[in-house]
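If you're matching positions, the sequence shown starts at 4 in my numbering and goes up one per residue. Ideal Cβ placement from N, Cα and C applies to all residues, glycine included. Values in this document were obtained by computation on a predicted structure and should not be read as measured data. Okay, so here's the structure we're looking at.
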Amino acid sequence: MLKKLILLFILCFQTQVLGFVVLIDPGHGGEEYGAVKTVRVKKGKKVIKEKVYEKDLALSLAKKVKNYLDPFYTTYLTRSFDRSVGLNERAEMADAVKADLFISIHFNSATNTSSHGFETYYLDNHADAAIKKVETVENKYLEGAEKVVNHILIDLVIQKTVSASKKLASKVHKRIQGSVQDKFKMKDRGIKPGLFYVLALSKRPGILVEAGFMSHHKEIWKLRRKDFLDRYAKSIAEGVKDYLKTKTQKDLPLF
Numbered sequence: 004m005l006k007k008l009i010l011l012f013i014l015c016f017q018t019q020v021l022g023f024v025v026l027i028d029p030g031h032g033g034e035e036y037g038a039v040k041t042v043r044v045k046k047g048k049k050v051i052k053e054k055v056y057e058k059d060l061a062l063s064l065a066k067k068v069k070n071y072l073d074p075f076y077t078t079y080l081t082r083s084f085d086r087s088v089g090l091n092e093r094a095e096m097a098d099a100v101k102a103d104l105f106i107s108i109h110f111n112s113a114t115n116t117s118s119h120g121f122e123t124y125y126l127d128n129h130a131d132a133a134i135k136k137v138e139t140v141e142n143k144y145l146e147g148a149e150k151v152v153n154h155i156l157i158d159l160v161i162q163k164t165v166s167a168s169k170k171l172a173s174k175v176h177k178r179i180q181g182s183v184q185d186k187f188k189m190k191d192r193g194i195k196p197g198l199f200y201v202l203a204l205s206k207r208p209g210i211l212v213e214a215g216f217m218s219h220h221k222e223i224w225k226l227r228r229k230d231f232l233d234r235y236a237k238s239i240a241e242g243v244k245d246y247l248k249t250k251t252q253k254d255l256p257l258f
């Protein structure tokens, strides 16, 4: 009996050591609200205004992704409650836990309130003006001096991770298409390259998902639904599993 327990302990330890590590990053937090949408909800006989914050939706979705991945990999969240987490702190966490993959969770917003749908980003150069608008929002919390240094870093990280990140984005996005697009009648906005500091600073293969537009008057209601968040989370998790099932840690580029 004792030998069995020792063997079980060794196997569990080896699984933990040899298994992949996935760091899941709920965007924003604390005083960084991200996108904000005011909706009208019925409470009893009254209709009241209620604010919906991207930081809260991102945390809910990230926790669900973690729950789906927990049985298969070692997983961590960059935050597990509502608090401010700087971009550099997120990057330091990726190094500290020796993450193999970095998954950043966000929800979109636009001044054009007819914009809708989901999209998946990976780190790479591009010349798309529409994507630059998204970058401006997601990168705005980095100070000027850091941006100069990180532009140099971005080029180095892109060279090392772009192939793996693009494949990861493709696997995850394909799962989202199959599970979310038809069920919730959402527009597929595609897989796109983007210069996101949070991905560059993580220094490992990663993606940034924009799970829908909070600024769209109909889509915001879908994004708040439990069944939507469950499906989206499971899709992300299944895509990660699809990507990792044929990989070893030697295959994944790390700095």
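Cβ neighbours of residue i in the same chain (closer than 6 angstroms, five flanking residues each side left out)
i, result
"residue 124", "195, 197 and 211"
"residue 190", "119 and 120"
"residue 165", "127"
Residues near residue i in its chain [Cβ-Cβ closer than 7 angstroms; skip 5 each side]
i, result
"residue 151", "With a pLDDT of 45 at residue 151, under the threshold of 50, the modelled position of that residue is not reliable, and the figure given next carries that caveat. Within the same chain, residue 151 has no close Cβ partners at all."
"residue 232", "63, 64 and 67"
"residue 69", "27, 78 and 80"
"residue 116", "218, 219 and 220"
CB-CB length for residue i against residue j, believed under 8 angstroms
i, j, result
"residue 217", "residue 102", "No, residue 217 and residue 102 are not in contact; Cβ-Cβ is about 28 angstroms, not under 8 angstroms."
"residue 107", "residue 201", "5 angstroms"
"residue 203", "residue 126", "6 angstroms"
"residue 32", "residue 88", "5 angstroms"
"residue 80", "residue 27", "5 angstroms"
"residue 95", "residue 192", "About 31 angstroms; that fails the 8 angstroms criterion."
"residue 22", "residue 77", "6 angstroms"
"residue 174", "residue 246", "4 angstroms"
Classification of residue i by the beta-carbon crowding that lies within 10 angstroms, buried from 16 upward
i, result
"residue 14", "Low local confidence applies: a pLDDT of 35 at residue 14 is under 50, so the model's placement there is unreliable, and no value is given."
"residue 67", "buried"
"residue 171", "buried"
"residue 219", "buried"
"residue 105", "buried"
"residue 205", "buried"
"residue 90", "buried"
"residue 161", "buried"
"residue 181", "exposed"
"residue 47", "exposed"
"residue 179", "buried"
Test item: CB-CB of residue i and residue j under 8 angstroms
i, j, result
"residue 109", "residue 61", "yes"
"residue 111", "residue 213", "yes"
"residue 234", "residue 183", "yes"
"residue 57", "residue 71", "no"
"residue 42", "residue 223", "yes"
"residue 187", "residue 225", "yes"
"residue 45", "residue 55", "no"
"residue 330", "residue 208", "Residue 330 falls outside the range modelled here, since the chain spans only 4 to 258, and no answer is possible."
Any non-hydrogen atom of the ligand NAD within 7 angstroms of residue i CB
i, result
"residue 193", "Inclusion of the ligand NAD in the displayed structure is not the case, the ligand content being empty and no account of it being possible."
Same chain, Cβ closer than 8 angstroms to residue i, five either side skipped, listed in chain order
i, result
"residue 244", "72 and 75"
"residue 148", "Residue confidence is low: residue 148 scores 40 on pLDDT, short of 50, so the model does not pin down where it sits. No coordinate-derived value is stated."
"residue 250", "23"
"residue 53", "41, 42, 43 and 44"
"residue 85", "32, 33, 58, 59 and 62"
- request: Only counting runs of 4 or more residues, tell me where the alpha helix (DSSP H) segments fall wholly within the segment 156-220, in order along the chain.
  value: 200-205
Ranges of the beta strand (DSSP E) found wholly within the segment 32-87, counting only runs of at least 3: 39-46, 49-56 and 77-80
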